[in-house]
Each structure stands twice: as C-alpha cells, then as structure tokens.
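Enquirer:
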Amino acid sequence: MMPGGLTEAKPATPEIQEIANEVKPQLEEQTNESYKEFEAVEYKTQVVAGINYYIKVRVGHNTYIHMKIFKPLPQQRQSLTLTGYQTDKSKEDELTGF
Numbered sequence: 187m188m189p190g191g192l193t194e195a196k197p198a199t200p201e202i203q204e205i206a207n208e209v210k211p212q213l214e215e216q217t218n219e220s221y222k223e224f225e226a227v228e229y230k231t232q233v234v235a236g237i238n239y240y241i242k243v244r245v246g247h248n249t250y251i252h253m254k255i256f257k258p259l260p261q262q263r264q265s266l267t268l269t270g271y272q273t274d275k276s277k278e279d280e281l282t283g284f
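In case it helps, the numbering used here puts the sequence shown at residues 187 to 284.
(1) If you draw a straight line from the C-alpha of V245 to the C-alpha of Y229, how long is it?
(2) Please report the straight-line C-alpha distance between E208 and I202, rounded to a whole angstrom.
(3) In three-state DSSP terms, what is M187?
(4) Between the Cα of E215 and the Cα atoms of L192, T269, T231 and P258, which residue gives the shortest distance?
(5) Excluding five sequence neighbours on each side, which residues of the same chain lie with their C-beta closer than 8 Å to the C-beta of K196?
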C-alpha cells in the first residue's frame with residue numbers, strides 16, 4: 187500500500203470494534219446523540235504520521251455513520267481521536283477519505 191492511500195474495504199474485526207467503541211463518547215458528544223446500536227461493519231486504513239481508520243458503524247436499521255479516527259504512532263503516547271464523521275449513511279455507501 188502506498189503511504190497516504192486508502193486500503194480496500196475489509197470486514198470489521200474485534201480490534202476495529204474496540205477502536206470504534208473507544209471514540210464512541212466523542213461521537214455522541216459531537217452529534218448530541220446516544221447510540222444503543224453501535225456495530226462496526228467494515229473499515230479502511232490510511233497510513234499517515236500514524237493511522238487513520240475509516241470505519242462504517244451501524245447505529246440502527248439501515249442507518250450508518252462513517253467515522254474517521256486517528257491513531258498516533260506508539261511513541262507519541264496519545265489516545266485515539268475522532269477527527270471526522272458523516273451521518274445519514276446507508277449500508278451501500280462506500281467509505282471514502284474525508
């Protein structure tokens with residue numbers, strides 16, 4: 187994979203669900219919503235000075251949110267940060283860089 191480019195979409199793993207869960211409070215604060223259903227279904231990654239995760243999360247019946255989460259390099263000793271999100275997405279909407 188070329189640095190800066192997005193990978194192909196892959197099914198979400200337990201690790202990806204953990205990443206999504208860790209930033210869920212940030213998302214709920216920014217959207218002023220509370221999500222009872224919060225299931226990561228697929229993701230893409232982008233290598234930068236760390237890793238950007240683009241994660242599609244199901245939050246209701248055919249209701250999805252795309253989240254952009256930054257994971258800094260290990261030596262930076264910083265936590266995951268929600269750096270962007272897109273609401274009103276469907277299962278068919280492709281994850282893209284934003």
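Glycine is no exception: its CB is placed at the ideal position from the N, C-alpha and C atoms.
Expert: Judging by the given coordinates:
(1) 15 Å
(2) 10 Å
(3) Legend: pLDDT at M187 = 43, less than 50; position of this residue unreliable, value from coordinates given subsequently. Three-state result, M187: coil.
(4) T269
(5) E228, Y229 and K230
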